């Protein structure tokens, strides 16, 4: 066999080395390539750590990425007493996440020409105090109305509650500030009734829930697969909430006492993204800040993070807590409900961690507050 000359050998070595350099270096797998098992394991790690730290009895979670439901599962128990794991069909109350759903009802009425968000609230709710009547609807929906804070609404009817506080001064000029106020959405519920001619729950059931297949969404439903709420007291013991009732009358339901399941909330997410109920233009209105420089949208809050707009609403009431965060431009969403209400729960942190770890959104460890 003839031996290669030194010059030829060097040339061959150069060719081999050049070819090796030309090969692309191994790269980490992109998030889009993760398989279902890895996504599930990541969700387990993030959620179980949170539940252990915060002593959450039970939680149901859905994560949507690229428009696809990639995680849908329950953790823990419906109640420490029954030791049954909650699932996508378990009933929970969702607290102030109800406000975002109520706002969808308002936007639907706007879609049908029954009202506009610039209309004065007094056009539909005649019992309002004179100073409130001229305030545009959009300011109530974005917590920019300036009506006085009604910390505890306890009167049995809306009319009695309004009469009890009508002497209070305005907190600020409408549209000038943003201050979270639950009574804004008691008014929003009455606007729905005035514009539609139907009771709030009847309108929402007939025009929003049923068309979207949200057949287990409403108020006061009783079901074997329901989770009671829990308060974690300072002594470390749970207090079980036997029945979730608004502190005042049923006028508190649009603000914080709707009841639903994870499966129905996922249906709502897809309905928003796919414009099943609202046109793209109306959806953009719903998720866009009412006033430049402020985060309040009709029913939600919007923030810029990780190079995208995140739309969110949280809730906490009657021993429950909830989060619904989504990125309209990327088909991302994180939805969860838990059967615990406690000081320092910080459900924003859990939502941010899931958006970061499962959806690959480059959020910092301590991202800004998602909802107020």
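Residue numbers (the numbering used here): 1 to 372. No residue lacks a Cβ here, since even glycine has one placed at the ideal position from N, Cα and C. The model shown is predicted, which means the values in this text are computed figures rather than measured ones.
Taking C-beta atoms as the reference points, residue 286 and residue 121 fail to come closer than 8 Å. Secondary structure at residue 58: strand, using DSSP grouped into helix, strand and coil. Only residues of its own chain outside the window of five on either side were considered, and among them 350 have a CB closer than 6 Å to the CB of residue 50, listed in chain order. Less than 8 Å divides the Cβ of residue 154 from the Cβ of residue 247.
Excluding residues up to 5 positions away in sequence, 77 lie with their Cβ nearer than 8 Å to the Cβ of residue 83 in the same chain. According to the DSSP assignment, residue 314 belongs to no alpha helix (DSSP H) but to the beta strand (DSSP E) extending over 308 to 317.
DSSP lists 59 as the bridge partner or partners of residue 75. Nearest Cα to residue 226 within the set 74, 39 and 146: 74. Counting along the chain, no beta strand (DSSP E) covers residue 124, and no H or E run does either.
Under the three-state reduction of DSSP, residue 160 is assigned to helix. Every unbroken stretch of the alpha helix (DSSP H) spanning 4 or more residues and falling wholly within the segment 238 to 286 is given here in chain order: 253 to 256, 262 to 273 and 280 to 286. Listed in chain order, the alpha helix (DSSP H) elements of length 4 or more contained wholly in the segment 149 to 219 are 158 to 165, 183 to 196 and 200 to 204. With a cutoff of 8 Å on beta-carbon distance, residue 296 and residue 290 are scored as near each other. For residue 239, the closest C-alpha among the options 228, 245 and 345 is that of 228. Residue 207 is positioned such that its CB atom lies no closer than 8 Å to that of residue 200.
For residue 39, the three-state secondary structure derived from DSSP is helix.
Between residue 58 and residue 352, the C-beta gap is not smaller than 8 Å, which leaves the two residues out of contact. Residues of the same chain with a CB within less than 8 Å of the CB of residue 143, apart from the 5 flanking positions on each side, are 178, 179, 180, 181, 184, 296 and 372 in chain order.
Annotation for residue 355: the continuous alpha helix (DSSP H) segment containing it runs 347 to 357. For residue 322, the enclosing beta strand (DSSP E) begins and ends at 320 to 327. Counting along the chain, the unbroken alpha helix (DSSP H) around residue 106 starts and ends at 97 to 111.
Under DSSP, residue 337 takes part in a beta bridge, and its partners are 60 and 322. Relative to residue 136, the option among 66, 115 and 149 whose CA is nearest is 115.
Between residue 158 and residue 218, the gap from beta carbon to beta carbon reaches 8 Å or more. Between the alpha carbons of residue 93 and residue 257 lies a gap of roughly 6 Å.
One thing to note: residue 39 has its Cβ no nearer than 8 Å to the Cβ of residue 60.
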